[in-house]
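Student: The sequence shown begins at 36 in this note's numbering and counts up one residue at a time.
The C-beta atom is built at its ideal place from N, Cα and C for all residues, glycine as well.
Every value quoted in this text rests on a predicted model; they were computed, and no experiment measured them.
One structure follows; several queries about it will come next.
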Amino acid sequence: MNEVQLHIENVRQAAAKITAALGNLKPKIAIILGSGLGGLAKQVEAPVILAYKDLPGFPVLTVAGHAGQLIIGKLNDVPVIVLNGRKHFYETGDAYPLKTMIRAMKAAGVETLFLSNAAGSLRAPIKVSELMLITDHINFLGLNPLVGPNDDSFGPRFFPVADAWDKELGAKVKAVARQNGITLHEGVYVAFRGPSFETPAEIRMAQGWGGDAVGMSSVPDCLIARHCGMKVVGVSCITNMGAGLSDEKLSHAHTLENAAKGAGAFERLVLAAVKVL
Ligand code: HPA
């Protein structure tokens, strides 16, 4: 089997395992939890947990704060799949684990992917521990996860991403935030490859490009999901100001610590949003 055939087989087998575990539940939404936002996983009612290591082709996780579990159950009475942990490009440069995870969601009947991440703010009004709805992105990863042979059964070789982040779903999330008194900014997410944080000069560049937040994830996930026809909505939890915009020293521990401060609002937002998405 070549790499592509192996991937297709992994998607098929992983989707079969997930479908079997779903039982009577028919989740239309899957939520990918970003760094430090794993607390939502504990809120899933009557959880059925599948470890990534038991799902063929799923990511093997190495970063602290990423659990590597697929959780099936209900949030606020709505059937969901929660993906607690995902692989970053900076770990391997290999997009197949992420592709397998997202395409298996699609094959299991999921229509909407709710992405979340920890991010640095590029604008003073977007403050640490606040949330930002992602309205668009800039892919500065130097990589696109869809480079390589295209399998038309997943999606077309060329596809538009003018509507990558779903406007209608975004408006619904905004409305839910308003109703629940949750501060939700909106803006453009700039994805850097990492694993180093940015330099102050890179942060000024990203500001000049019209970015509102910077991070190292979610853009590949969005592209893979849009390629196979899923809708995407996403929220960043602001864990710091971009490098040079404040005196704080950036580290993964700092990210996790501040994500925990925004996690309460994030969890309330998602719990309310799944009802209306
Ligand atoms: N840059 C990149 N990724 C991040 C940041 C940041 O400032 N904060 C959390 N993830």
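1. With Cys-272 as the anchor, note down where its beta strand (DSSP E) starts and where it stops.
2. Out of curiosity, what's the CA-to-CA distance linking Arg-261 and Phe-194?
3. Going by other Cβ atoms of all chains shown within 10 Å of its Cβ, with 16 needed for buried, is Glu-233 buried or exposed?
4. Return the first residue and the last residue of the alpha helix (DSSP H) that Phe-301 is part of.
5. The ligand HPA heavy atoms versus the CB of Gly-246: any closer than 7 Å?
6. Determine, using beta carbons only, whether Ile-67 and Leu-148 come nearer to each other than 8 Å.
7. According to the Cβ coordinates, are Leu-204 and Val-268 closer than 8 Å?
8. Could you have a look at Ala-199 and say whether DSSP puts it in helix, strand or coil?
9. The beta strand (DSSP E) with Lys-109 in it runs from where to where?
10. Could you check the C-alpha separation between Ala-307 and Lys-77 for me, to the nearest Å?
11. Say the cut is 7 Å; is the CB of Gly-155 nearer than that to a heavy atom of the ligand HPA?
12. For Arg-213, count neighbouring C-beta atoms within 10 Å of its own C-beta (all shown protein chains included) and say buried if the count is 16 or more, exposed if not.
13. Does the beta-carbon of Val-249, which I'm using as the reference point, lie nearer than 7 Å to any heavy atom of the ligand HPA?
14. Quick check: what's the CA-CA separation for Lys-109 versus Ala-65?
15. Please find out if some non-hydrogen atom of the ligand HPA comes closer than 7 Å to the beta-carbon of Phe-194.
16. Quick one: any contact between the region 150 to 169 and the region 265 to 280, if contact means 3 or more CB pairs under 8 Å?
17. Classify Val-211 as helix, strand or coil using the three-state DSSP reduction.
18. List the DSSP bridge partners of Ile-173.
19. Quick one: Cα of Val-39 to Cα of Cys-257, how far?
20. Quick one: is the Cβ of Gly-120 within less than 7 Å of any heavy atom of the ligand HPA?
21. Rounding to the nearest angstrom, what Cα-Cα distance links Gly-190 and Cys-263 in this structure?
Tutor: With the structure as the only source:
1. Secondary structure note for Cys-272: its beta strand (DSSP E) is the uninterrupted segment 266 to 276.
2. If you draw a straight line from the Cα of Arg-261 to the Cα of Phe-194, it comes to about 8 Å.
3. The residue is buried, with at least 16 neighbouring Cβ atoms inside 10 Å.
4. Looking at the DSSP string, the run of the alpha helix (DSSP H) that includes Phe-301 is 287 to 311.
5. With a cut-off of 7 Å, the C-beta of Gly-246 is classified as distant from the ligand HPA, since no heavy atom of the ligand falls inside that distance.
6. Yes; because the gap between Cβ atoms is below 8 Å, this pair is in contact.
7. It is a contact, given that the beta carbons lie within the stated cut-off.
8. Three-state result, Ala-199: coil.
9. The continuous beta strand (DSSP E) containing Lys-109 extends over residues 104 to 110.
10. So the alpha carbons of these two residues sit roughly 16 Å apart.
11. Yes, the ligand HPA has a heavy atom inside 7 Å of this Cβ.
12. When all chains shown are included, Arg-213 counts as exposed.
13. The answer is yes for Val-249.
14. Using only the alpha carbons, I get a separation of about 11 Å.
15. Closer than 7 Å to some heavy atom of the ligand HPA: that does not describe the Cβ of Phe-194.
16. These segments touch.
17. Helix, per DSSP.
18. In the DSSP assignment, Ile-173 is bridged to Val-225.
19. Computed Cα separation, rounded: 20 Å.
20. Not one heavy atom of the ligand HPA sits closer than 7 Å to the Cβ of Gly-120.
21. When rounded, the distance between both Cα atoms is 5 Å.
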